[in-house]
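One structure is given below, encoded as structure tokens.
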Amino acid sequence: MSTLQQCCEHMSLDGLSAYLDQELPPEEAEKVELHLSGCEQCQRRLEGLRSVVGGLRDLERLQPPPFVEEALRHEISLQAKRRSVLWQRLDRLAKPRSFNGPLFAMILALATIVLLFSVGLERASQPATEVIVPPPGEPSRQIADRVFTLVYRGDGEEPPSQLWIERGARLEEARPLDPGSVEALALFEALPQLEQILNRDVVLLWADGTVRLSAGQSVQTEIDSTR
Amino acid sequence: MSGSSLVADQFLEAPTQAQRERELVHRHRLGDESAFDEFYQEFKSLVYNLSYRQCGSPEVAQDLTQEVFLRIYKSLGRFRGKSSLKTWTYRVCINHCRSRLGRKNLPVSSLTFDDGSVREIPDESPGPAEKLLAVDAARRIESALPVLDECYREAVILRDLEELSYQEIAEILDVPIGTVRSRIARGRERLRKVLERQ
């Protein structure tokens, strides 16, 4: 013992501690055991470490009190609610707003008012419209298979000619009649008055082949279409 | 026959720990609250003991435990399985205790160590140093633990209380094994000196 103690350096603290934990490679562990067998100082040191480890391992293993779990659950549920509220707010920001009936109706009403007002302004800026009113008792004439009604300008002037216009034609389907077209020639045969009118007014040809005058702009045809 | 038996054995083989952990994390991601309940039951003792041994105060340890689990609840879904769930939990707990427990944060009294340094002892200890020295070794060690330097305390707790291997401790503390070995030895030595003062 004394020989070893005299000839060897003491074991390092790290080495003794790791030896206690059996964390040394076998060859190093053998060296430690050899040293310890002859070194009382290192033996005491090792025993001191062993008592510390024993004391630590004797410490009671504790369990958290039940209220820790309850408090944790409560906190988690609170956070989940907060997150839910946050998500709802984010959702509201991200999603387009849901349909709001009253608001939509109000916007629509405002838009209608503005539209009507602008149309009214537009009409007011136009020259006074001419109203073509068929004279009472004015006969209709049948040309080919169609019934045409005589119309004239209702502004007091004499009608420029005998104008016949088909009853019940629809304005929306009209397109200007090309005076040089085959259709126009055919129409001129059926309605010789048209040729005179073309020099002054636009003749509209309807998709169904009917003819309308547009001399009085839309009012003329509106009156006609109401007949 | 033997082939089919082999196949049957493979199917009957119990899932590994890693598979169970992956499954638990997956359930948590899907919002299955029972997954976190299971996690809490499995690791509550680990987290509470680790927290308590770090701070030495039951009240503080209870707060720390709650905070650690809350932190885990939020981040468990991001667990990628690079380490075991246990190692990861230790790491979360250690890091949280480090950030929450400045040594000066605890209400403490003081004790002079034999190296002449004055260390702080939490008020949870029985009282003055003289009174402290009269109690048994385990109690004195328990009282002295929280005042060890953080790096030594963590290493000693993980080794001697949690009984982890040096390799596991190295993973948790993210230091080389040699450092773990050194910290454990120095921590034990300081505690030994406390005991020898009796």
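As given, the protein sequences belong to chains F and R, one line each in that order.
For the record, in the first sequence the residue sitting at position 186 is 1311 according to the numbering used here, with numbers rising by one throughout.
For the record, in the second sequence the residue sitting at position 115 is 119 according to the numbering used here, with numbers rising by one throughout.
Where is the CB? At the ideal position from N, CA and C, for every residue including glycine.
Use the C-beta contact count for residue i: other C-beta atoms within 10 angstroms, 16 or more gives buried, fewer gives exposed.
i	result
R:E63	exposed
R:D164	buried
R:D127	The predicted position of R:D127 is uncertain, since its pLDDT is 42 and thus under 50; no value can be drawn from it.
F:T1237	exposed
F:G1180	buried
F:L1145	buried
F:F1242	exposed
F:V1244	exposed
R:R84	exposed
F:R1229	Position check: residue 1229 of chain F holds Phe in this sequence, whereas Arg was assumed. Burial call: exposed.
R:T20	exposed
R:I76	buried
F:V1210	exposed
R:A22	exposed
F:H1199	exposed
R:R82	exposed
R:E167	exposed
R:R157	buried
F:F1192	exposed
In whole angstroms, give me the CA-to-CA distance for residue i and residue j.
i	j	result
R:L199	R:A141	7 Å
R:R196	F:L1184	16 Å
F:E1165	F:E1152	21 Å
F:E1172	R:G191	15 Å
R:C97	F:L1197	15 Å
R:L67	R:V51	A small correction: the amino acid at residue 67 of chain R is Asp; Leu does not occupy that position in the sequence shown. Using only the alpha carbons, I get a separation of about 11 Å.
R:Y56	F:N1225	57 Å
F:P1150	R:P150	32 Å
R:S87	F:H1160	38 Å
R:S264	R:E25	A query on residue 264 of chain R cannot be resolved here, the shown segment of chain R reaching from 5 to 202 and no further.
F:E1194	F:R1169	45 Å
R:H32	R:G60	32 Å
F:E1158	R:L177	30 Å
R:T183	R:E193	15 Å
R:T91	F:S1162	38 Å
R:S103	R:E71	12 Å
F:L1174	R:I145	12 Å
R:R185	F:V1178	14 Å
R:V29	R:S49	20 Å
F:A1205	F:V1239	49 Å
R:I173	R:A148	21 Å
F:S1137	R:R95	29 Å
F:E1134	F:Q1188	45 Å
F:L1235	F:L1246	16 Å
F:Q1147	F:E1155	11 Å
F:C1167	R:L74	47 Å
F:R1207	F:D1139	51 Å
R:P180	R:Y44	30 Å
F:R1295	F:I1232	With a pLDDT of 46 at F:R1295, under the threshold of 50, the predicted position of this residue should be treated as unreliable, and no value is reported.
R:S79	R:F40	11 Å
R:I188	R:E154	12 Å
F:R1214	F:A1143	58 Å
R:R201	F:P1190	35 Å
R:C101	R:Q58	7 Å
R:R143	R:L54	17 Å
F:S1176	R:E175	27 Å
R:L152	R:L34	42 Å
R:N109	R:A65	Confidence in R:N109 is poor, its pLDDT being 41 and thus under 50, which makes the residue's placement too unreliable to answer from.
Which chain F residues are close to residue i, counting only those with a beta carbon under 7 Å from its beta carbon?
i	result
R:L177	The contacting residues do not exist; R:L177 stays about 15 Å from chain F at best.
R:I188	S1142
R:D164	V1178, L1181 and R1182
R:Q66	P1189, P1190 and V1193
R:A142	G1180, D1183 and L1184
R:E172	Chain F residues near R:E172: none, gap ~11 Å exceeds 7 Å.
R:D146	For clarity, residue 146 of chain R is Glu in the given sequence; the question names Asp instead. What R:E146 touches in chain F: L1184.
R:R77	The sequence given here places Tyr at residue 77 of chain R; Arg does not occur at that position. I1201, listed in chain order.
For residue i, go through chain A and note every residue whose CB falls closer than 8 Å to its CB, in chain order.
i	result
R:L195	Included in the structure are the protein chains F and R, with no chain A among them.
Using a Cβ cut-off of 8 Å, pull out every chain F residue sitting near residue i, in sequence order please.
i	result
R:R192	S1142, L1174, V1177 and V1178
R:R185	D1139, S1142, A1143 and E1148
R:V160	L1181
R:Y56	L1187
R:E206	Any question about residue 206 of chain R goes unanswered here, given that chain R covers just 5 to 202.
Is residue i a contact residue of the ligand HEM, with contact defined as CB to any heavy atom under 7 Å?
i	result
F:F1192	Looking for the ligand HEM in the displayed structure turns up nothing, as the structure carries no ligands at all.
Name, please, each residue of chain F whose Cβ falls closer than 9 Å to the Cβ of residue i.
i	result
R:F43	Within chain F, no residue comes near R:F43; the closest Cβ sits about 11 Å away, beyond 9 Å.
R:Y2	Shown here, chain R extends from 5 to 202; a query on residue 2 of chain R therefore has no answer.
What does residue i reach in chain R if we use C-beta pairs closer than 8 Å?
i	result
F:R1359	For chain F, the structure presents residues 1126 to 1352; residue 1359 of chain F sits outside this window and is missing.
F:E1200	Q70 and L74
Quick one: list the residues of chain R neighbouring residue i, beta-carbon separation under 9 Å, in chain order.
i	result
F:A1154	Ordered by position in chain R, no residue passes the 9 Å Cβ test against F:A1154, which lies about 14 Å from the chain.
Give the interface partners of residue i over in chain R, defined as CB-CB distance under 7 Å, in chain order.
i	result
F:L1233	Under the 7 Å cutoff, chain R gives no residues; its nearest Cβ is about 43 Å from F:L1233.
F:A1196	Q70
Only counting runs of 3 or more residues, tell me where the beta strand (DSSP E) segments fall wholly within the region 146-180 of chain R, in order along the chain. Qualifying beta strand (DSSP E) stretches: none in this window.
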